[in-house]
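0 is the number of the first residue of the sequence shown in numbering that gives the first Met the number 0; add one for each residue after it.
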Amino acid sequence: MELPTQVVKSKTVNPSLLTIFGQSKVGKTTMLSKLDNCLIIDTEKGTKYVDALKLQVNNSAELKDTIKALKGDEGTIYDYIALDTIDNVVAWFEKDVARANNVESYAKIPFGDGYNQVRTRVMNMIAALMDCCEHIIIIGHRKKTIIGNDSVEVNVSSLDLSGKLKNYVMAKSDAIGFVYRDEEGKLQISFQASDEIEAGTRLPHLAGKILEFDWKNIYKSN
Numbered sequence: 000m001e002l003p004t005q006v007v008k009s010k011t012v013n014p015s016l017l018t019i020f021g022q023s024k025v026g027k028t029t030m031l032s033k034l035d036n037c038l039i040i041d042t043e044k045g046t047k048y049v050d051a052l053k054l055q056v057n058n059s060a061e062l063k064d065t066i067k068a069l070k071g072d073e074g075t076i077y078d079y080i081a082l083d084t085i086d087n088v089v090a091w092f093e094k095d096v097a098r099a100n101n102v103e104s105y106a107k108i109p110f111g112d113g114y115n116q117v118r119t120r121v122m123n124m125i126a127a128l129m130d131c132c133e134h135i136i137i138i139g140h141r142k143k144t145i146i147g148n149d150s151v152e153v154n155v156s157s158l159d160l161s162g163k164l165k166n167y168v169m170a171k172s173d174a175i176g177f178v179y180r181d182e183e184g185k186l187q188i189s190f191q192a193s194d195e196i197e198a199g200t201r202l203p204h205l206a207g208k209i210l211e212f213d214w215k216n217i218y219k220s221n
């Protein structure tokens, strides 16, 4: 094994895993339809009103079959694959885990193991998708939490997943963007972390920035 003696420059420019969250119907799915050669795996029939490269999946079994097809011998033909949304996938896995353990709810499995089983399935699914394509996009809904601090209430916008699962997904992501419309109605995406928004990235061209939501601002040409 030869140890490095010089600085090794990064060859990664664009996010391999991009997680985007925002209020329902703010325009996330419409933006996906504008991304060239992006397959949208639609879990909630949100693409039925837009022209897009899309595939409807209705349960975890169909999602598994989709990923299997994407892993075919010829490899993926897509530049991007978007899962829209992760919320429904988590709900499917929660039911699967409950059924597999013969309980009414995954939350009733002792010692919190139900939560762990759901997290494992979700993270394995994301890893499998990342094996299919160079660029994966996870779409989620916005969760709004009010935190009281010395009689001051702070509205925190974050990915609408349970605590540890949200942390796992966000840690796995190269960039987490919060999508919203500004006062003029223009769609913006924020990679700026703050007390109000849980977002951020490890990529220099996105770090700490609030941008007009244009794919050219997110995926740069090498």
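Even glycine gets a Cβ: it sits at the ideal position worked out from N, Cα and C.
Select from the options the residue whose C-alpha is nearest the C-alpha of residue i.
i: ILE80; options: ARG180, TRP214, ILE40, PHE212; result: ILE40
i: TYR179; options: ARG141, LEU205, ARG118; result: ARG141
i: PRO203; options: PHE212, TYR218, ASP213, GLU211; result: TYR218
i: THR75; options: SER189, MET129, LEU158, LEU186; result: MET129
i: ALA127; options: LEU69, VAL12, GLU1, ARG98; result: LEU69
What whole-angstrom Cβ distance do residue i and residue j have, given they're in contact under 8 Å?
i: ALA198; j: GLY162; result: Between GLY162 and ALA198 the Cβ distance is about 17 Å, and since that is not below 8 Å, they are no contact.
i: PHE212; j: GLY139; result: Contact doesn't hold; Cβ gap of about 16 Å is too wide.
i: ILE66; j: CYS131; result: 7 Å
i: LYS53; j: THR42; result: Actually they do not touch by this definition, with Cβ atoms about 11 Å apart.
i: ILE196; j: LEU210; result: At roughly 14 Å, the Cβ-Cβ gap does not stay under 8 Å, so ILE196 and LEU210 are not in contact.
i: ARG98; j: TYR167; result: So it is not a contact: roughly 23 Å between Cβ atoms.
Could you check the C-alpha separation between residue i and residue j for me, to the nearest Å?
i: TYR48; j: THR28; result: 10 Å
i: SER150; j: ALA170; result: Note that SER150 scores 48 on pLDDT, short of 50, meaning its location in the model is unreliable; the coordinates nonetheless yield the value given after this. Using only the alpha carbons, I get a separation of about 31 Å.
i: VAL153; j: SER193; result: Only weak support is given to the placement of VAL153: the predicted model assigns it a pLDDT of 41, under 50, and the value that follows is read from those uncertain coordinates. For VAL153 and SER193, the distance between alpha carbons rounds to 11 Å.
i: GLY71; j: ASP181; result: 42 Å
i: ASN36; j: ASP78; result: 6 Å
i: ARG201; j: ALA174; result: 7 Å
i: ILE136; j: SER104; result: 29 Å
i: GLU183; j: ILE125; result: 35 Å
i: ASP64; j: LYS208; result: 38 Å
i: GLY26; j: ASN123; result: 28 Å
i: LEU34; j: LEU82; result: 13 Å
i: PHE92; j: LYS24; result: 24 Å
i: PHE110; j: LYS94; result: 18 Å
i: ALA51; j: LYS44; result: 12 Å
i: ALA106; j: VAL12; result: 40 Å
i: GLY113; j: ASN216; result: 39 Å
i: ASN57; j: SER32; result: 19 Å
i: GLN5; j: LEU38; result: 40 Å
i: SER220; j: GLN116; result: 39 Å
Given a cut-off of 9 Å on the beta-carbon distance, is the pair residue i and residue j in contact?
i: SER59; j: VAL88; result: yes
i: LEU62; j: HIS134; result: no
i: ILE85; j: VAL96; result: no
i: LEU164; j: VAL121; result: yes
i: LEU160; j: PRO14; result: no
i: LEU186; j: MET30; result: yes
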